[in-house]
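If you read the sequences in order, they're chains L and Y.
Heads up, the first sequence is in my numbering, so the first residue is 8 and it goes up one at a time.
Heads up, the second sequence is in my numbering, so the first residue is 8 and it goes up one at a time.
2 protein chains.
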Amino acid sequence: MTINYATPAPEKLFPVAGVRLGVAEANIRKANRRDLALLALEPGATVAGVFTRNRFCAAPVHVCREHLSGGREIRALVINTGIANAGSGDEGLRAAKETCAAAGRLLGVGAEQVLPFSTGVILEPLPVDRIAAALPRCRDDLAPDRWHAAAHAIMTTDTVAKAASRKIDIDGRTITVTGMSKGAGMIHPNMATMLGFIATDAGVAAPLLSALARETADESFNCITVDGDTSTNDSFILIATGKSGVVFGDASSPGYARLREAIAGVALELAQGMVRDGEGATKFITVAVEGGRDREECRAVGFAIGHSPLVKTAFFASDPNLGRILAAIGYAPVAALDVDKIRVWLGSGGEEVLVAERGGRAATYREEDGVRVMRAEEITVRVDLGRGPASARIYTCDLSCDYVKINADYRS
Amino acid sequence: MTINYATPAPEKLFPVAGVRLGVAEANIRKANRRDLALLALEPGATVAGVFTRNRFCAAPVHVCREHLSGGREIRALVINTGIANAGSGDEGLRAAKETCAAAGRLLGVGAEQVLPFSTGVILEPLPVDRIAAALPRCRDDLAPDRWHAAAHAIMTTDTVAKAASRKIDIDGRTITVTGMSKGAGMIHPNMATMLGFIATDAGVAAPLLSALARETADESFNCITVDGDTSTNDSFILIATGKSGVVFGDASSPGYARLREAIAGVALELAQGMVRDGEGATKFITVAVEGGRDREECRAVGFAIGHSPLVKTAFFASDPNLGRILAAIGYAPVAALDVDKIRVWLGSGGEEVLVAERGGRAATYREEDGVRVMRAEEITVRVDLGRGPASARIYTCDLSCDYVKINADYRS
C-alpha cells in the first residue's frame, strides 16, 4: 500500500547539468531487474554526505566517509541494491573499494573519487565481480535524464520509486534541484536502509554544502519514523555541480535561503514518500509539536508518539485513543513537563478537534468528532506543550497487521 | 496465548499473617465480574511503593504518594479494575480520595491510611458510588487465604491471573512472601497498567523497605518489556507485616539477603508472568547482556533489542535474523561501543549457538543451527559487549499479528 504517493513521471524530473545517470542489470541477488546505478559527475562539483549513526555501519559507509574526507574531488557514485554489504568485515571493505576502483577505471578517475552505496540483505558477501561486469553497461546508459530509471534501480522493499524535482529562479537564472531516495519502513535493516541523493546545478562552497546537507537531513530524513529502527547503511548525499553558474560562497549569499528552501522541499518530499510507502502503512500521520522550549524537546515528544506501537495500532484502527497519545507524551524524555499545560488536537481534511487539555479530555470534546477526523488517510496530531516558542514536525505511519506479516515473512 | 504459565492453585499461595483480602462485584465497567479487591493490614505493618514515571500519572498514583509520605500507618489497599481513573483531573483526585474515605470508614481507620489503585480504561470517570456500595461486601469477604481470588479481581486484558508465593526459613522461623500482579502487554495504557503487590510477614524498617521496593522493582518489573510503552498507573507495593516476629532493621541484619532473594524471586515470577501473558505473545525471550562497563549500558542494549519491532517480528517468524539484532545493538545509546568486540549467541533448550563476532556473522555459524534454536517457545539472546564486568537481563516477547489485532480492536 502507498498512501497518496506516485512516482513522478520521467519528464517531471528535471536533469541537473553536470550529473549523468545510468543503470544496468547486474544480477546481484535477483535476475531480470535493474539493480545497479552509476552517477557520473562533471569536474567542479562539491559533494557532502550525512550517514547513519548506527555503530554497526556498513562497509560502503566507511568507504564513503574516507573518500569524502580524502580531499579529492568526487566524480562518481555507484549504488547497488540486493545486498547491503553490512556486517561483512574486512572482506566487505575490500568489496566496496574494488567497486570504486572498477568505476574509477571506467571513467578515468581514481578509486578514491568514487562513493559506493549498497542496500539489501545484511551479512551476505557483495558479488563485486558481477558489479564490475555490469558497470560498463551503466556507463553506456549514462544520460542526464535518467533520474526516473535510477530511482527504480535503487529500490528494495519499496513499492514505488521516490523522486522529486523543482526549479527556482534566482536573479533571472534557473537553478534545478532533483533527488531520489529509497526506503520503506524507516528503516528495514535486513533489506536495509534509507538512501537519499539530491543534486543541484547551483555551485555551493564545500563547507557551506556540508552544513546544508546536515540541516537538510535534520529537517527531512531525520523527521520520519516507521518503526523507530535505524539502519546500518543510511546515507544522504548532496551534490552541487555549479553548472548553472550561480555560486553560493556562504549562507549570506543572495538567494541562498531560496536554494536552501528548494533543497529542503525536495528532501521532505522524498522523506514523506518513504513514510507513505511504509511497510503495511494505511495512514500518513504528521505529529506537529509546538510550544516547546527548544526543537529537541519537541522532537522528543513527537518521536515518543510516533514510535509508540499502541498509538500506531490505534491509528490503524481509526481509534481516537487519547489515553495512548497522552501516555506517550507523558513518558517522553522531557524535563519538568507540566501536563496541565498541554493541549492536543486531532485533525484531518482541514478540520481540527481539541481533544485534550489540562491533563485530561477536553471539556468540549465529543468522541464522534474524534472518530470522524481519524477516519481520514492523512491525520495530524498537534501538541502544544505550552512552555516555549519552539516547534518540530515528525512524520510517521500506522502499525498494521501487514507490517508484522511483511517483516515476519521477509526472509522465508 | 500464554507461554508456559498457569496461575498457581489457591493452596500454593500461602497466607501472609497480617494481611486479609476480600473481593466483590462492583459493576464498575462490566457486570458479573469481580472487579474490586480490598486488602486490610493489621497494625504494625510497613508499606513502600514504587510508581510510574509517566508524567500523565493517574489520580490514584498521586493519592498513593501523598498517603505514603503522610506519616500515618497504612491499613488498607483498595484496587479496582475496569476504569483507570487517569486523565481525570481534579474530579479523579476527588474520586480516589472518596474511595479511601469509604474504605477507611468501613475499617475504622483514616482515609489517609488507605492506598487506592485503579486499572482499566483511561479518561472515564470512576464510579465511586458503586465502589463505596461494594466495599462492605469486600470487607465481609476478607480472609488471609484470598490471594487467588484477589489476583483474579485485578485483571484487565490478562488471560491468566498472576500470583506467586514462597516460604523461607530463617533461624528456625518461617517467613512467607506472597504476591500478585496484573498486566499483559507492558504496558497497555488504555486497559491500563502494571500493578504489583507483594507482602511478607517479616518486619522491615521503613527506610530499608523503601530501598528494597526500589531494588525489587528494578530487578523485576523494570526488566520487562512487551511494547516499550509505560503506563499512567504503574504501581508496585511492598508490605512487611512483621507478624512472623523476624525483624530486619537494616541491610546488614542476619538473613536479610535471603529475604531479599525471596522477594526478588516472587517479583521476577510475577514480572515474567506478565511477559508470558503479553498481548499476542507466542515466544518468551530473555535478553542477557554481559561484559558491559555498568548495568545501565547492559540494560540499554537489552532494551534496544527488546523494543525493536523488527527483532520482535523476526522472533515471531522463528527467523534467526542476525542483521536486525546487530542493528539494534548498534543504535543502543552506549558511548564508544566497539562492535568488533561484541559476540552474540542464540540459545534454547540448553543449546547455545554463537551467531555473531567481530562485527559480523560468526565464522562457525550455520543458519540451520540458528533456525533450530529459534523454533523454541523460550529463547535467550546472549550478548557479550566485551568491555567490562557488568550484566543485566531483560525479558520480552515477540510481536505477532495478534498484538496488532488486540490493540487495534480493543475499543471497537
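Using N, Cα and C, we set each Cβ at its ideal position, and we do this for glycine too.
Q. Buried or exposed: where does Thr163 of chain L fall if 16 or more other Cβ atoms within 10 Å of its Cβ makes it buried?
A. Thr163 of chain L comes out buried.
Q. Which runs of the alpha helix (DSSP H) fall wholly inside the stretch 117-152 of chain Y and span at least 4 residues, in chain order?
A. 135-148
Q | Same chain, Cβ closer than 8 Å to Lys412 of chain L, neighbours up to 5 away in sequence not counted | A | Gly287
Q: Measure the Cβ-Cβ separation of Ala83 of chain L and Leu43 of chain L and say whether it is below 8 Å.
A: It is not a contact, given that the beta carbons lie outside the stated cut-off.
Q: Starting from the beta carbon of Ile336 of chain Y, find every residue of chain L whose beta carbon is closer than 8 Å, and list them in chain order.
A: Arg62, Phe63
(Q) I'd like to know whether the C-beta atoms of Ile55 of chain Y and Ser217 of chain Y end up nearer to each other than 8 Å. (A) The question names Ile, but residue 55 of chain Y in the sequence shown is Ala. Taking 8 Å as the cut-off, the Cβ atoms of Ala55 of chain Y and Ser217 of chain Y count as close.
**Q.** Contacts that Ser95 of chain L makes with chain Y (C-beta to C-beta distance below 8 Å)
**A.** Gly367
Q) If the cut is a Cβ gap below 7 Å, which residues of chain Y does Ile482 of chain L touch? A) Not covered by the structure: residue 482 of chain L. The range shown for chain L is 8 to 419.
Q.
For the beta strand (DSSP E) containing Tyr5 of chain L, name the first residue and the last one.
A. This structure gives no information on residue 5 of chain L, because the portion of chain L shown stretches from 8 to 419.
Q.
Quick check on the burial criterion: 16 or more other C-beta atoms within 10 angstroms. Buried or exposed for Asp208 of chain L?
A. Classified as buried, Asp208 of chain L has 16 or more neighbouring CB atoms from the shown chains inside 10 Å of its CB.
Q | Under 8 Å between C-beta atoms of Leu219 of chain L and Val296 of chain L | A | no
**Q.** Of the residues Y:Ala363, Y:Val380, Y:Ala370, Y:Ala342, the one placed nearest Gly357 of chain Y, counting alpha carbons only
**A.** Ranked by Cα distance from Gly357 of chain Y, the first of Y:Ala363, Y:Val380, Y:Ala370, Y:Ala342 is Y:Val380.
Q.
With a threshold of 8 Å between beta carbons, is Val346 of chain L in contact with chain Y?
A. yes
Q.
Helix, strand or coil, according to DSSP, for Gly330 of chain Y in the structure here?
A. helix
Q. Just reading off the beta strand (DSSP E) that Ala363 of chain Y is part of, what are its end residues?
A. 358-364
Q) Mind pulling the alpha helix (DSSP H) runs of 4 or more residues that sit fully within the stretch 43-82 of chain L? A) 66-75
Q.
Give me the subset of the stretch 300-324 of chain L whose CB atoms are less than 8 Å from a CB atom of chain Y, sorted by chain position.
A. Within the stretch 300-324 of chain L, the residues whose Cβ lies closer than 8 Å to some Cβ of chain Y are His314, Ser315, Pro316, Leu317, Thr320, Ala321, Phe323, Ala324, listed in chain order.
Q | Range of the contiguous alpha helix (DSSP H) that encloses Lys37 of chain L | A | Counting along the chain, no alpha helix (DSSP H) covers Lys37 of chain L, and no H or E run does either.
Q: State the Cα-Cα distance for the pair Lys189 of chain L and Ala157 of chain L, rounded to the nearest angstrom.
A: 10 Å
Q. Alpha helix (DSSP H) containing Thr207 of chain L: first to last residue?
A. From DSSP, Thr207 of chain L is part of no alpha helix (DSSP H) but of the beta strand (DSSP E) over 202-207.
Q | contact_flag[the stretch 47-64 of chain L, the stretch 95-104 of chain L] where n(CB pairs < 8 Å) is 3 or more | A | The stretch 47-64 of chain L is not in contact with the stretch 95-104 of chain L.
Q. In chain order, what residues of the same chain have a beta carbon less than 6 Å from the beta carbon of Gly299 of chain L, not counting five sequence neighbours either side?
A. By the criterion of a C-beta distance shorter than 6 Å, Gly299 of chain L is surrounded in its chain by Cys305, Leu392, Gly395, Ala397, once the five residues flanking it on both sides are discounted.
Q. Of the residues that make up the stretch 239-272 of chain L, which ones have a beta carbon closer than 9 Å to any beta carbon in chain Y?
A. Thr239
Q. For chain L, is any of its Cβ atoms less than 8 Å away from the one on Ser407 of chain Y?
A. yes
**Q.** Under 9 Å (Cβ pairs) to chain L, residues found in the stretch 354-385 of chain Y
**A.** Ala363, Arg365, Gly366, Gly367, Arg368
Q.
Am I right that Val30 of chain Y and Arg153 of chain Y are in contact with their C-beta atoms under 8 Å? What's the rounded C-beta distance?
A. 7 Å
Q. What residues in its chain sit with their C-beta under 6 Å from that of Arg389 of chain Y, if we drop five residues either side in the sequence?
A. Ala295, Trp352, listed in sequence order.
Q. When you compare only the Cα positions, how much space is there between Glu374 of chain L and Arg144 of chain Y?
A. 35 Å
Q) Start and end of the beta strand (DSSP E) containing Glu385 of chain Y? A) 385-391
**Q.** Below-8 Å beta-carbon distance, Leu133 of chain Y vs any chain L residue
**A.** no
Q: Compare the C-beta of Lys412 of chain Y against all C-beta atoms of chain L and say whether one is closer than 8 Å.
A: yes
Q. Along chain L, in chain order, which residues have C-beta atoms closer than 8 Å to that of Leu392 of chain Y?
A. Those do not exist, as Leu392 of chain Y stays about 11 Å from chain L at its closest Cβ, beyond 8 Å.
Q) Can you name, in chain order, every residue of its own chain whose Cβ lies under 7 Å from the Cβ of Val211 of chain Y, other than the five neighbours on each side? A) Thr53, Leu219, Ala247, Phe255
Q: Spell out the partners DSSP gives Lys174 of chain L in its beta bridges.
A: L:Thr183
Q) If you measure from the beta carbon of Glu100 of chain Y to each beta carbon in chain L, is any gap under 8 Å? A) According to the sequence provided, residue 100 of chain Y is Leu. The question's Glu does not apply to it. Cβ-Cβ to chain L under 8 Å: no for Leu100 of chain Y.
Q.
Between the alpha carbons of Ser172 of chain L and Ala24 of chain L, how many angstroms are there, rounded?
A. 13 Å
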